[in-house]
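*Asks:*
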Amino acid sequence: MVGPIYIIAIALGLAFLLGFFKKLNANIAQTFMMAGVGAMSFISVQWLFGHLAGMVTETVTYTAGFKPPFSISLQMGAMEAGVTSMINIFGFLGGVYLWRKLKEMGLNAIIIYMVTLMGLNVIVLTRDLFNLFVFLEVSTIGIVGLILLERGVNTISSGFKYLVAGGVISSFMLIGTIMIYKYAGSLYINDIITSNIAATKGGMVALFLLLIAVILELKPFPANGWALDVYESANSGISAFLSAGFATAMLFVLYKLMPMFPIEWQAMVAVVGGITFIGANLLGIRQKNAQRLLGYSSAGQMGLLTAVIGLSSYLNEQFIFILVTILLGHYLAKAGLFWLAGIVKEKEINSWSLLRREPLLVVLFGVFILTLLGMPPFPSFFGKWELIMKLAAGGQTTWILAILIGSFLEAVYLFKWFGYVLKGENEGLPVLQIKPEKIISPVVFATVSVMAGYYAGSLLGETNFAFYIPLMFIAAIGLLEFLPAFVKNTFAIAGMGYLAYTTLPGLFETDLLRFIFMGIFILGGILTLFAGYYYKGKRQGFYPSALIMFAGLAGIIQAETLLQFFFSWELMTIGSYFLIIRGKRSMTHGFSYMLFSLAGAYAILAAFGMVDAQVGNMLSALGGVTSHATLIFALLAIGFMTKTATLGLHIWLPGAHAEAESDVSPMVSAILLKAGVFGLLLTFFGMGAESAGNSSILYVLGWLGAITALVGNLAASFQEDAKRLLAYSSIGQLGYILFAYAMATQLGWIGGFLYVINHFAFKAILFLTIGAVVLRVKTHNMYEMGGLIKRMPLAFIAALIGIIALSGVPPLSGFAGKWFFYNAVILKGWYFQGAVVFFAGVIAFLYSYRILQTVFLGQLKDEHRHVKEIPLTFLIPIYILVIGIMIFSMYTHWVLEPITQYLTAYFPSDPVHWDGAAATTSLGYWNGTWVMYIIGIMFVLILGWLLWLNAKATKVKQFNMVFSGERPFTPETTHMAHNMYAGYNKALGFITAPGITTFWNKVAEFVTDAAGFIRRIYTGNGQTYAFHIVAYIVIIYFMIF
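Listed below in structure tokens is the structure:
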């Protein structure tokens, strides 16, 4: 092994050597610099791999031939090796990124860059306190020199403020160091740790001054305005250096000095970090400047890591894993995003939409944002998971809440930014000019982030390689983005088919619940993907997004542990977000969907932490929860209901469904929403199924389901947008399903399963049909349609069958669902809730009739006289589903009888008995086959009689009408179905008033206004910032002493 002293020798020697050759060619000087940094990186990395492989142990290098305290020692342990590797690798890639800038600024800039890197290495390696202070000063001065690479007024001003703040901080640090030497008699950190100087008042003050100086170097809120100004105005490569390099080194300094301080101070350190994590991210919500926003995020992430160090006593053996994975996520993502900022060269985040001109940059941006937020499959996901698990095991509920709130606030502004990238206007923006040296570094860090994620998961021993196989397939599809859409569509369907072939047979034999949902997810996915053959061109981004969602859906079915389930749940959320935001006007709706989804996911994560603390990490152990059971199951229910769009958590759904592409809407409505249902079922099984029948949680959920059904159906009736009508219909239908399962009886659950299957089929039919109609007529507005039965008879027949199944009219399966509902409600005794649900069913008939009447019946619009039938690529999956509904309706017992047998073990009371196709309960019996026969025969006879009766009738055509002297003024007034239920709206419309939307808007407004008010403390005045630092020190001092 090459000794760590050579890291310093190479940097220092090269810096001095270059200083003697002022007229050296800039390219040659930079080549020397890169060779030197490469050698430094090699030394660090070899030590890191040596430690990981167990080939070396912690090594201490003594200088000048003496041992401390008579010499300075450098320690190279596993942590030092890791941190110096991060700093030096960043130094190398940052040097590549800044190649032109350093060349432009000349030899002095190159020397400063080398010396700054050397200083960061020393403060990591040294075990001498004064040596640490000296090289911290060297690094700070070097950073200021690098900041001044940009010669703008703002840069000079921010550099001066940084220097002033650094001077104030270093003064306190120097005083603390001198006082420590007085009381400990040594500057060797190991000696100081064992000297117990905290036993004296003076020693305590000395330690406090040292600790507060280190914390201030991490830019804590609110004493960090000086750093934010630098992040905003400096060259993006230098801002990356400050965030990923300097901050990483200072965090390690805090880590290695913590044993010097009294154990009681850990709580203070954690509180300081927690306040910074929440405060910085709160203020970031109002930020529009990209680099300043990243500055807020950097401060927040350092706050989180500071809190992790302060909470180390609760994290036990996983402390290092948590610290390293979260730090690594911040390091990779923040460097990558700052580097991208230098490529984009647009200050405002709403101008970053120009990234879409280069798909690679969009992918890199997405990787870094998801890494920063701790989403799978990146390393910080596993770190945050373990952090919550360990805090839950230690009973630290307040800290869990604080960390999740801070994480959510960070997600708010990062996904707002992501929305601009994916959907913002990019007309009139400058053309991107990507220089080769600037793209290398972000690509390397994005690749490392993916690899580090897999490695972090493997260290936990939880992540099955099988969970990464779909991601590898998706990555391969992503690399084929240059191919036409139909080729990628074929690959996607083939991949989904293979997944069905390898999973469904085994699930059929072992777990009927998972078999049903996997069938909906995978077979439904194949059918909806088939509609994708309609689209021409490359359809960039669609197939990786869709497959990520389906991989997540399949993963939650296959998951055996809580971690696997949550990993897949987050994957599903990411993929569905990318699909939803593809719609033309979906930026706001995609943002709303993501915020509700993340809030729900964090509720699930908190609940899983409490479950893991009690019964372990197995998903099957949910039923063993005893302590805080009500809170745990309530959190799980809330988390899963964000996906089922239960009333109060539903506001994302109407716009997301309505604005999504025509083949995405059925994916989201018919398939994605069932993930929430599956999660609720796992929750109810954990609660004890039938034994939870009298639970207050289920009683509340029953009322929520009933009211959701009523409000959703009523709102659907008043819509003029056909897809928005179906979206509100989905809310109502999911209300039925929630109500059915909340009854916690066998009849209720049979009805629930029937509705799950039925809703999947008829909602896929209706969204595919109406979506295809919209593609043909180029409008969502129903009053602009009409008479399309003449041009689209096959679409009409499909919509008719879907509507019959939806409305519960015999002979289709919706009628069977109502029959089981009636029985379940009567036997449960939920008469009031049942009345609400059945009234909602009457309302469903109103919008069911309306969409048929408005779109397909009536008079044909003149502009639609030559419109074609909906595309064959839509008709094929639609009619497969139609045939499926007909078979399911006639032979319902093929599915419901096995479900009944499956449920008997959980609901032994008052079981349903099957005799062939006949189901018998204590209230009566039902036979789906005979219902189909009887209704079929009646239909044929009545239809024949009507055809005979009207054989000679004259058809009323469009111009056989008069307006009684009235002249229509707008297209709406010529359509009988425009504002069709105005009377009902006047009487009952108050129920659907956007009160819940208004509530959430007020919450968002309050949070953003609070952020704007607090942000006023950042005046931009250097003297004010210096006062902030001093005031911060005084306040913390009086908190401790």
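The numbering of the sequence shown is the numbering used here, which starts it at 5 and goes up by one. Positions of the beta carbon are idealized from the N, C-alpha and C atoms, including for glycine. Computed from a predicted structure; not experimentally measured.
What number of angstroms, rounded off, separates the C-alpha of residue 828 from the C-alpha of residue 742?
*Replies:* Roughly 13 angstroms separates the two Cα atoms.
*Asks:* Taking the C-alpha atoms as reference points, what is the distance between residue 124 and residue 254?
*Replies:* Distance between the alpha carbons of residue 124 and residue 254: 8 angstroms.
*Asks:* Specify the secondary structure class of residue 792 as computed by DSSP and reduced to three states.
*Replies:* It is coil, neither helix nor strand.
*Asks:* Could you tell me which residues DSSP puts in a beta bridge with residue 917?
*Replies:* Paired residue(s): 924.
*Asks:* CB-CB under 7 angstroms to residue 223, same chain, minus the five flanking residues each way: which ones, in chain order?
*Replies:* Cβ within range, chain order: 231, 303 and 306.
*Asks:* Whole angstroms are fine: how far does the CA of residue 459 sit from the CA of residue 451?
*Replies:* Cα to Cα, residue 451 sits roughly 13 angstroms from residue 459.
*Asks:* Let's see if you can read the secondary structure: which residues bound the alpha helix (DSSP H) around residue 174?
*Replies:* That run of the alpha helix (DSSP H) goes 157-188.
*Asks:* Whole angstroms are fine: how far does the CA of residue 455 sit from the CA of residue 1034?
*Replies:* Distance between the alpha carbons of residue 1034 and residue 455: 43 angstroms.
*Asks:* Name the residue from 1026, 571, 449 and 934 whose alpha carbon lies nearest to the alpha carbon of residue 386.
*Replies:* Considering only alpha carbons, the answer is 571.
*Asks:* Which residues in the same chain as residue 622 place their Cβ atom closer than 8 angstroms to its Cβ, once the five residues preceding and following it in sequence are excluded?
*Replies:* So the qualifying residues of the chain are 564, 565 and 566.
*Asks:* Name the DSSP bridge partner or partners of residue 931?
*Replies:* For residue 931, which the question treats as bridged, DSSP gives the partners 922.
*Asks:* In terms of residue numbering, what span does the alpha helix (DSSP H) encompassing residue 78 cover?
*Replies:* Premise fails: residue 78 lies in the beta strand (DSSP E), 77-80, not in any alpha helix (DSSP H).
*Asks:* Out of 293, 216 and 921, which one is the CA nearest neighbour of residue 277?
*Replies:* Nearest C-alpha to residue 277: 216.
*Asks:* For residue 671, which of 771, 947, 393 and 198 has the nearest alpha-carbon?
*Replies:* Nearest option by C-alpha distance: 771.
*Asks:* Rounded to whole angstroms, what's the CA-CA distance from residue 42 to residue 140? Just pull it up for me.
*Replies:* Distance between the alpha carbons of residue 42 and residue 140: 22 angstroms.
*Asks:* I need the straight-line Cα distance from residue 594 to residue 604, nearest angstrom please.
*Replies:* Taking the straight line joining both Cα atoms gives about 15 angstroms.
*Asks:* Report the CB separation of residue 76 from residue 63 in whole angstroms; it is logged as a contact under 8 angstroms.
*Replies:* 15 angstroms between Cβ atoms; not a contact.
*Asks:* Does the Cβ-Cβ distance between residue 499 and residue 477 come in under 7 angstroms?
*Replies:* Their beta carbons are under 7 angstroms apart, which means residue 499 touches residue 477 by this criterion.
*Asks:* For a test of the three-state rule: what should DSSP assign to residue 958, helix, strand or coil?
*Replies:* Looking at residue 958 - three-state DSSP - the assignment turns out to be coil, as it is neither helix nor strand.
*Asks:* Taking a contact to mean a Cβ-Cβ separation below 7 angstroms, would you say residue 902 touches residue 535 in this structure?
*Replies:* No. Outside cutoff.
*Asks:* Cutting at 6 angstroms between CB atoms, please list the residues of its own chain near residue 627, excluding the five before and the five after it.
*Replies:* The residues are 690.
*Asks:* Checking 7 angstroms against the spacing of the C-beta atoms, do residue 151 and residue 242 come in under that value?
*Replies:* For residue 151 and residue 242, yes; Cβs fall inside 7 angstroms.
*Asks:* Taking C-alpha atoms, which residue in 546, 1036, 768 and 812 lies nearest to residue 579?
*Replies:* Residue 579 has its Cα closest to that of 546, out of 546, 1036, 768 and 812.
*Asks:* Between which two residues does the alpha helix (DSSP H) containing residue 367 stretch?
*Replies:* Element bounds for residue 367: 363-377.
*Asks:* Determine the burial state of residue 749: buried for a count of at least 16 other Cβ atoms within 10 Å of its Cβ, exposed for fewer.
*Replies:* Counting Cβ neighbours within 10 Å, residue 749 comes out buried, since at least 16 surround it.
*Asks:* What residues are listed by DSSP as bridge partners for residue 785?
*Replies:* Partner(s): 725.
*Asks:* The beta strand (DSSP E) spanning residue 883 covers which residue range?
*Replies:* Residue 883 -> not in any beta strand (DSSP E); alpha helix (DSSP H) instead, spanning 876-894.
*Asks:* Near residue 746, which residues of its chain fall below 7 angstroms by C-beta distance, leaving aside the five closest residues on each side in sequence?
*Replies:* The answer, listed in chain order, is 702, 705, 706 and 709.
*Asks:* Can you check which of these residues, 308, 354 and 457, is closest to residue 405 by C-alpha distance?
*Replies:* Of the listed residues, the one whose Cα sits closest to residue 405 is 308.
*Asks:* Could you check whether the segment 881-900 touches the segment 782-796, counting it as contact only if at least three pairs of C-beta atoms, one from each stretch, sit closer than 8 angstroms?
*Replies:* Segments in contact, no.
*Asks:* Going by DSSP, what residues sit across from residue 112 in a beta bridge?
*Replies:* Answer is none; residue 112 lacks a bridge partner.
*Asks:* Could you give the uninterrupted runs of the alpha helix (DSSP H) lying entirely in the segment 713-758, keeping only those of 4 residues or more?
*Replies:* Whole alpha helix (DSSP H) segments, 4+ residues: 726-746.
*Asks:* Using the rule of at least 16 other Cβ atoms within 10 Å of the residue's Cβ for burial, across every protein chain shown, is residue 733 buried or exposed?
*Replies:* Counting Cβ neighbours within 10 Å, residue 733 comes out buried, since at least 16 surround it.
*Asks:* Please identify the residue among 821, 855, 858 and 343 whose C-alpha is closest to the C-alpha of residue 842.
*Replies:* It is 821 whose Cα lies nearest to the Cα of residue 842.
*Asks:* In whole angstroms, what separates the C-alpha of residue 1043 from that of residue 1017?
*Replies:* Rounded to whole angstroms, residue 1043 to residue 1017 spans 25 angstroms at the Cα level.
*Asks:* Throw me the rounded Cβ distance for the residue 204 and residue 90 pair, which I believe falls under 8 angstroms.
*Replies:* Their Cβ separation, rounded to whole angstroms, is 37 angstroms, which puts residue 204 and residue 90 out of contact at 8 angstroms.
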